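Q: Mapping to the working numbering: the sequence shown position 55 is 1216, numbers consecutive.
Sharing a structure with you now.
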Amino acid sequence: KYSKQYEKWEPATPKAKSTWIDYSSKPYEEWPPDDDDDLKPWDQEQENIGELSISSTPAADVFLGGVDAGKITPASFTLVPGTYDVSLEAPGHKTWTGKAFVKAGKTEEIHAELKPRDPTEKEETMGYLSINTEPMGAIAIIDGIVMDYPTPTKVDLDPGTHSVVIRKKGYQDIEDIVEISAGETARRDYILMEKVTEDVWRVFVNSLPSGGKILVDGYFTGQWSDGYVDLNPGIYDISVQKGYLFHFFSRKTASIRIFFFDFLQFLLLLLWN
1162 KYSKQYEKWE PATPKAKSTW IDYSSKPYEE WPPDDDDDLK PWDQEQENIG
1212 ELSISSTPAA DVFLGGVDAG KITPASFTLV PGTYDVSLEA PGHKTWTGKA
1262 FVKAGKTEEI HAELKPRDPT EKEETMGYLS INTEPMGAIA IIDGIVMDYP
1312 TPTKVDLDPG THSVVIRKKG YQDIEDIVEI SAGETARRDY ILMEKVTEDV
1362 WRVFVNSLPS GGKILVDGYF TGQWSDGYVD LNPGIYDISV QKGYLFHFFS
1412 RKTASIRIFF FDFLQFLLLL LWN
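Structure below.
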């Protein structure tokens, strides 16, 4: 930190051919705050967002500004301050509409009572399944059929018993049985567990010189030697590729089998003319 030094500017004269300004800075001296100073850090995030909490009877799909929010009540949202159009929809009930006034650092709460209406022919014969997962973005497979949209999602089903599989890369599958009744919505909330990585093996790849691309089956892994790649049990072609003078490439390739080894280490020598 430096203090500002101000220079005095003089009007130019016809005889003036050049003007030199000497600008120098001096260290800025800080002073300790007084004992009664109660300074708190400014929470910019808190100043710029608010909360919206919505609940309803019965549970309903939430729409904000006419767009499906992908949540079912009860639901909470973190929003920038402003006015929002809120719509709630549930089978067999009239659509509820209202406005939410979100203020910075505050929580706006809405509770809605949806009024029943005469059900449509489809609602009388079909049931609904609402699926939420943590984390979101999982695929729902119902009776062996992959649903069109990732979670959170809502599907209409024939009354009866249905098998449900929830699947997401890097997480364990969840299997469930759901009973669907005509004109009603069943809700399921699933918490996904990460897969145990006991079947993944670490392959260390060293090369002389280092700094070569590590390729597996011809594809660049994003790793460089000396480094490692994680692989499932199987047979792979491991190669190290390094550009040298005149863009001349050479590589040493080793086929490996990963079955019972805790780790494998290769010393791959790069050869060039």
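Think of the CB as a built atom: it goes at the ideal place given N, C-alpha and C, for glycine as much as any other residue.
Note that the structure is a prediction, hence the values are computed from the model and not measured.
1. For the candidate residues Ile1271, Gly1226, Thr1294 and Thr1286, whose alpha-carbon lies nearest to that of Pro1320?
2. Which of the three DSSP states, helix, strand or coil, is assigned to Glu1345?
3. Nearest by alpha-carbon distance to Glu1295: which of Met1354, Gly1305 and Lys1260 is it?
4. Could you check what DSSP says for Thr1286 in three-state terms: helix, strand or coil?
5. Give me the Cα-Cα distance between Pro1235 and Ile1306, rounded to the nearest whole angstrom.
6. What residue range does the beta strand (DSSP E) around Asn1367 cover?
7. Take every Cβ of the region 1241 to 1249, pair it with every Cβ of the region 1215 to 1228, and state whether three or more of those distances are shorter than 8 Å.
8. Alpha carbon to alpha carbon, how far is Asp1350 from Ile1338?
9. Let me confirm a value: Val1361 is counted as buried when at least 16 other C-beta atoms fall within 10 Å, else exposed. Which label applies?
10. I'd like the list of long-range same chain contacts for Lys1264, defined as Cβ closer than 6 Å, with 5 residues on each side in sequence excluded.
11. Which residues does DSSP pair with Thr1239 in a beta bridge?
12. Under 8 Å between the Cβ atoms of Ile1292 and Thr1312?
13. Could you confirm whether any beta carbon from chain B is found closer than 8 Å to the beta carbon of Gly1344?
14. Which complete beta strand (DSSP E) runs does the region 1237 to 1273 hold, if anything under 3 residues is left out?
A: The relevant details are as follows:
1. In the sequence shown, the residue the question calls residue 1320 occupies position 159. Among Ile1271, Gly1226, Thr1294 and Thr1286, the Cα nearest to that of Pro1320 is on Thr1286.
2. Counting from one through the sequence shown, the residue named residue 1345 turns up at place 184. Of the three classes helix, strand and coil, the one that applies to Glu1345 here is coil, per DSSP.
3. Numbered from 1 along the sequence shown, position 134 holds the residue referred to as residue 1295. Residue Met1354 is the option with its Cα nearest to Glu1295.
4. On the sequence shown, residue 1286 is found 125 positions in, with the first residue counted as 1. Correct three-state label for Thr1286: helix.
5. Taking the first residue of the sequence shown as 1, we reach residue 1235 at position 74. Taking the first residue of the sequence shown as 1, we reach residue 1306 at position 145. So the alpha carbons of these two residues sit roughly 28 Å apart.
6. Sequence index remark: in the sequence shown, residue 1367 carries index 206 (1-based). Where Asn1367 is concerned, the enclosing beta strand (DSSP E) stretches over Trp1362 to Leu1369.
7. Touching, yes.
8. Mapped onto the sequence shown, residue 1350 falls at position 189. Mapped onto the sequence shown, residue 1338 falls at position 177. The alpha-carbon atoms of Asp1350 and Ile1338 are separated by roughly 13 Å.
9. Here residue 1361 refers to the residue found at position 200 of the sequence shown. The residue is exposed, with fewer than 16 neighbouring Cβ atoms inside 10 Å.
10. For the purposes of this step, residue 1264 is identified with residue 103 of the sequence shown, where counting begins at 1. Leaving aside the five residues that flank Lys1264 on each side, the residues in its chain whose CB is nearer than 6 Å to its CB run, in chain order, Gly1211 and Pro1242.
11. Translated into the one-based positions of the sequence shown, residue 1239 becomes position 78. Under DSSP, the beta-bridge partners assigned to Thr1239 are Glu1212.
12. By 1-based counting over the sequence shown, the position of residue 1292 is 131. By 1-based counting over the sequence shown, the position of residue 1312 is 151. Yes. Within cutoff.
13. Of the protein chains in this structure there is only one, and it is not chain B.
14. The qualifying runs are 1243 to 1250 and 1257 to 1263.
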